[in-house]
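Everything below concerns the one structure shown next.
Residue numbers (this note's numbering): 1354 to 1680.
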């Protein structure tokens, strides 16, 4: 998955036709890969069936206790290796979060504080903040107040429909929590820079969130209006902690808006969503399925029922028996 998935997803043209689904599949692949590596570390410490039984919570009926697993020199070495794998993953993710997510949050807060001093409300629109700057720029800041910032250069350049399209684009970023999605991929890319899945996901998800926001703006205005606004703003600068319309892949996005592909069919959308769900469930299924098979083999229903009956209160058991005889 770490090496094959990015090639397959990058070559898949459907992600451009349904960018929100594409984002979901990329994120699912990343989370599944992290969970799979964590599972490998866990399996070095405890047996596969033990992990599976813990997941399906059948310890009372036929679980395997860690205290009854024999320990040899080899098993202790594997324990140390497994704990080491999990520790490395945790440390790298924490380090990446500290060097990516927290600095971005700090920059956003400082930028928002400066805008509250330097910016002014638009006379006719309450949803934008205007800053005095000749370069055309529009971007959003995902703070608690959810700011959409427009420079005076952009106000002078954009006509009303184009301004509506740009603001709709930025509101789509805020509604979709795109800043959080791109932060997740950036953290994983920083934590595991040599793994193609995470570096590719960081690039592709940034492009797809812009396409998703373009689609939202095009539904409110027209694709041609969004493309015109994007071309006019492409020379502008977007601050590092913000998301802006002219951020990533402008040329590709303009071509996509002016020559749109046919939307994905409903069946294809369901198939892509099912694929994303399968990716998320795969690390859970690997230990759970063998545990279920083991339960079916060694713990037949009669044994489970007898164990439950032995622990059930007498009154409840009598009521259950009376209910069963009535039916």
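Just so you know, even glycine gets a beta-carbon here, dropped at the ideal spot from N, CA and C.
Here the structure is a predicted model, which means the values were calculated and not measured.
One thing to note: residue 1494 has its Cβ no nearer than 7 Å to the Cβ of residue 1462. Contact check between the region 1382-1396 and the region 1530-1542: three or more CB pairs, one atom from each, fall below 8 Å, which counts as touching. In the structure shown, the three-state DSSP call for residue 1483 is strand. Considered as a whole, the region 1442-1503 harbours 1455-1471 as its complete alpha helix (DSSP H) runs of no fewer than 4 residues, in chain order.
In chain order, 1386, 1548, 1550 place their CB closer than 6 Å to the CB of residue 1355, counting only its own chain and leaving out the 5 sequence neighbours on each side. Secondary structure at residue 1597: strand, using DSSP grouped into helix, strand and coil. Within the model, the alpha-carbon separation for residue 1583 versus residue 1632 is close to 35 Å.
The distance from the Cβ of residue 1579 to that of residue 1570 is about 5 Å, consistent with a contact at the 8 Å cut-off. The C-beta distance from residue 1519 to residue 1511 rounds to 6 Å, short enough to meet the 8 Å contact threshold. Within the same chain, 1370 come within 6 Å of residue 1614 by CB-CB distance, once the 5 residues on both sides are set aside. In the DSSP annotation of this structure, the continuous segment of the alpha helix (DSSP H) that includes residue 1569 starts and ends at 1549-1573.
Here the region 1481-1490 makes contact with the region 1500-1514; the two share three or more CB pairs at distances below 8 Å. Per DSSP, the unbroken alpha helix (DSSP H) holding residue 1521 starts and ends at 1513-1528. Between residue 1376 and residue 1533, the gap from beta carbon to beta carbon reaches 7 Å or more.
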